[in-house]
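Numbering (our numbering), first residue to last: 1 to 285.
The beta-carbon is built from N, C-alpha and C at its ideal position, and this holds for glycine as well.
First comes the structure, then the notes that go with it.
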Ligand code: 3HC
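Here it is in C-alpha cells:
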C-alpha cells in the first residue's frame, strides 16, 4: 500500500522528531498530543529546527518551507488520524493506555490504515487485539534523537501481514532511515536488549559505589568508543521512560529483579527525568 498521510500520536521526546522526519521526507503529517504544553513545545521546535537547518546550510529555504507546510499540529486526535494511511504512536510506555488508544484509533481511522507503535519494548501482539485489524498493527521503533539516528526496527509478529511490514519498511526508507526487520516478536527487539544490558551494569556499578556516574560515562565513551555514556543516554531517552519500562516489566513478571534500580526510582520520584526537564544525572539549565 502506498503511504501518503501519516499521523503521529504523542509529540514528546520521540513523536515531535518522528513527525519532522516524516514531513522532511514529503509525507503529509499530522501530529497530536493531549498535553497542550508538549504540543506547543513541538511547534516551537519545528520552527526553530527548520530555521537552524537553513542557517547551517543543511536545508534549502524551499525544502524547509515545504516540510513546515507538510506538518500540522493539532490537539484533536480525530483530526490527526481520520485520514491517515499510517499512524505512528509515540505515547507513554504503559500497556493499558496504549491498548485504549489503539481501540480508539481503530474506530477513527479508515479500514486501510496501518497502526504502528514506537514502543521501546512492548510487542505489538499485546496491543493488536484491542483493534479489529490485528494484521495492520506492528512495531515501528525509532531511536533518540529520531532526526539523527538512522535505525528503525520493524517487527513482524505472527499476526502482522506481509503488506503491512513492506509498507512500513518503505516509509522508513523514504524517511532516509535504515530499517531492519525482525521476523519474531521479542521483548526489547534488538537494540534495547543491548542497551538494557549496558545500562543495568552501569546502574549496578553506581549503586555499588564502584565509580561515579561521570566516570562510568567517561569509561564507556573512551574505553568502548560509544558516542555517549549510559547516564548521558538515560538523560537523553528519559529517566521516566526507564522507570515506566521497568515497572511494566515488573508488573508482568512479578520478579523483583525486574524492578527499576533504586537510582532510577529516586531520580523518577524527584522529577529528575533528564534533558527534557533540564535535570537528570546532569544539569541542562
Ligand atoms: N535533535 C536533533 N538533532 C540533534 C540532536 C537532537 N536532540 N542532537 C544532536 N543533533 C544533531 C545536530 O544538529 C548535528 O547535526 P548536523 O551534523 O547535521 O549539523 C548532529 O546531530 C551532531 O550533533 P552534535 O555535534 O551536537 O553532537 P554529537 O556529535 O555529540 O551527536 C548524538 C549527538 C547524535 C546524540 C550522539 O551523541 C549520539 O549518537 N548519541 C547516542 C544516541 C543513542 O545511542 N541513541 C539511541 C538511544 S536508545 C533509544 O532511543 C531506544 C528507545 O527505545 C529508548
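**Item:** Runs of beta strand (DSSP E) lying entirely within the stretch 38-77, each at least 3 residues, in chain order
**Value:** 71-74
**Item:** residue 342 classed as buried or exposed, judged by whether at least 16 other C-beta atoms fall within 10 angstroms
**Value:** For the chain, the structure presents residues 1 to 285; residue 342 sits outside this window and is missing.
**Message:** Report the CB separation of residue 120 from residue 13 in whole angstroms; it is logged as a contact under 8 Å.
**Reply:** Position 120 of the chain shown holds residue 120. Position 13 of the chain shown holds residue 13. Contact doesn't hold; Cβ gap of about 11 Å is too wide.
**Request:** Considering only heavy atoms of the ligand 3HC, list every residue whose Cβ is less than 5 Å from one of them, following chain order.
**Result:** 120, 143, 144, 145, 147, 148, 227, 228, 237
**Request:** Could you please give the first and the last residue of the uninterrupted alpha helix (DSSP H) stretch that includes residue 251?
**Result:** Position 251 of the chain shown, counted from the start, is the residue given in the question as residue 251. For residue 251, the enclosing alpha helix (DSSP H) covers residues 239-253.
**Request:** Determine the direct distance from the alpha carbon of residue 24 to that of residue 183, and round the result to whole angstroms.
**Result:** As a first step, residue 183 is located in the chain shown; it is residue number 183 there, counting from the start. As a first step, residue 24 is located in the chain shown; it is residue number 24 there, counting from the start. Spanning the two alpha carbons is a distance of roughly 29 Å.
**Item:** Separation of residue 243 from residue 124, as counted between CA atoms
**Value:** As a working note, residue 124 is residue 124 in the chain shown. As a working note, residue 243 is residue 243 in the chain shown. When rounded, the distance between both Cα atoms is 20 Å.
**Proximity of residue 139 and residue 189 at Cβ, strictly below 8 Å** = Indexing the chain shown from 1 puts residue 139 at position 139. Indexing the chain shown from 1 puts residue 189 at position 189. Result yes, Cβ atoms of residue 139 and residue 189 sit closer than 8 Å.
**Message:** So the candidates are 185, 45, 54; which of them puts its Cα closest to the Cα of residue 18?
**Reply:** By one-based count along the chain shown, residue 18 stands at place 18. The candidate whose alpha carbon is nearest that of residue 18 is 45.
**Message:** If I measure Cβ to Cβ from residue 175 and keep anything under 7 Å in the same chain, skipping five residues before and after, which residues do I get?
**Reply:** Along the chain shown, read from residue 1 onward, the residue named residue 175 stands at position 175. Answer for residue 175: 21, 22, 25, listed in chain order.
**Message:** For a test of the three-state rule: what should DSSP assign to residue 152, helix, strand or coil?
**Reply:** Here residue 152 refers to the residue found at position 152 of the chain shown. In the structure shown, residue 152 sits in a strand (DSSP, three-state: E or B).
**Request:** Can you say whether residue 73 is buried or exposed, counting buried as having 16 or more other CB atoms within 10 angstroms of its CB?
**Result:** In the chain shown, residue 73 corresponds to position 73, counting from 1. Per the 10 Å Cβ criterion, buried.
**Message:** For residue 69, tell me which candidate among 82, 27, 83, 76 has the shortest Cα-Cα distance.
**Reply:** Locating residue 69 in the chain shown gives position 69, where the first residue counts as 1. That would be 27, whose Cα lies nearest to the Cα of residue 69.
**Asked** Since residue 180 is in the alpha helix (DSSP H), which residue starts that stretch and which ends it?
**Response** Here residue 180 refers to the residue found at position 180 when the chain shown is read from its first residue. That residue, residue 180, is in no alpha helix (DSSP H); its beta strand (DSSP E) goes 178-182.
**Prompt:** From this set, 181, 150, 170, which residue's C-alpha is nearest residue 157's C-alpha?
**Reply:** In the chain shown, residue 157 corresponds to position 157, counting from 1. Among 181, 150, 170, the Cα nearest to that of residue 157 is on 181.
**Message:** Quick check on the DSSP output: what are the complete beta strand (DSSP E) runs of length 3 or more inside the stretch 115-173, in order along the chain?
**Reply:** 137-142, 151-155
**Asked** residue 113 and residue 86 look like a contact to me (Cβ under 8 Å); what is the Cβ gap, rounded to whole Å?
**Response** On the chain shown, residue 113 is found 113 positions in, with the first residue counted as 1. On the chain shown, residue 86 is found 86 positions in, with the first residue counted as 1. About 7 Å; that satisfies the 8 Å criterion.
**Asked** Comparing alpha-carbon positions, which option in 10, 262, 257 lies nearest residue 207?
**Response** Stepping through the chain shown from its first residue, residue 207 is reached at position 207. Among 10, 262, 257, the Cα nearest to that of residue 207 is on 262.
**Request:** Count the other C-beta atoms from every protein chain shown that fall within 10 angstroms of the C-beta of residue 81, then say buried if there are 16 or more, exposed otherwise.
**Result:** The residue you call residue 81 lines up with position 81 of the chain shown. Per the 10 Å Cβ criterion, buried.
**Prompt:** For residue 269, does the count of other Cβ atoms within 10 angstroms reach 16, so buried, or fall short, so exposed?
**Reply:** Translated into the one-based positions of the chain shown, residue 269 becomes position 269. Exposed is the call here.
**Message:** So for residue 29, helix, strand or coil by DSSP?
**Reply:** Here the question's residue 29 lines up with position 29 in the chain shown. Here residue 29 sits in strand by DSSP.
**Request:** Leaving aside the five residues before and after residue 77 along the sequence, list all residues of the same chain whose C-beta is less than 6 Å from its C-beta, in chain order.
**Result:** As a first step, residue 77 is located in the chain shown; it is residue number 77 there, counting from the start. Only 32 meet the Cβ criterion.
**Prompt:** Exposed or buried, residue 283, counting other C-beta atoms within 10 Å across all chains shown (16 or more means buried)?
**Reply:** The count along the chain shown starts at 1 and reaches residue 283 at position 283. Result: exposed.
**Item:** Beta-ladder partner(s) of residue 274, from DSSP
**Value:** Sequence index remark: in the chain shown, residue 274 carries index 274 (1-based). BP columns for residue 274 point to 279.
**Asked** Taking residue 237 as the reference, which of 100, 71, 62, 275 has the closest Cα?
**Response** On the chain shown, residue 237 is found 237 positions in, with the first residue counted as 1. Of the candidates 100, 71, 62, 275, the one whose C-alpha sits nearest the C-alpha of residue 237 is 275.
**Request:** Answer with buried or exposed for residue 253, where buried requires no fewer than 16 other C-beta atoms within 10 angstroms of its C-beta.
**Result:** To locate residue 253, count along the chain shown from 1; it is residue 253. Counting Cβ neighbours within 10 Å, residue 253 comes out exposed, since fewer than 16 surround it.
**Request:** Report yes if the C-beta distance between residue 197 and residue 205 is below 8 Å; otherwise report no.
**Result:** Taking the first residue of the chain shown as 1, we reach residue 197 at position 197. Taking the first residue of the chain shown as 1, we reach residue 205 at position 205. Cβ atoms of residue 197 and residue 205: not closer than 8 Å.
**Request:** Verify whether the separation of the beta carbon atoms of residue 287 and residue 97 is less than 8 Å.
**Result:** Absent from the model: residue 287. The displayed extent of the chain is 1 to 285, so no value can be given.
**Request:** Find the nearest neighbour of residue 229 within the set 216, 265, 240, 241, judged by alpha-carbon distance.
**Result:** As a working mapping, residue 229 is identified with position 229 in the chain shown. Comparing Cα-Cα distances from residue 229 to each of 216, 265, 240, 241, the minimum goes to 216.
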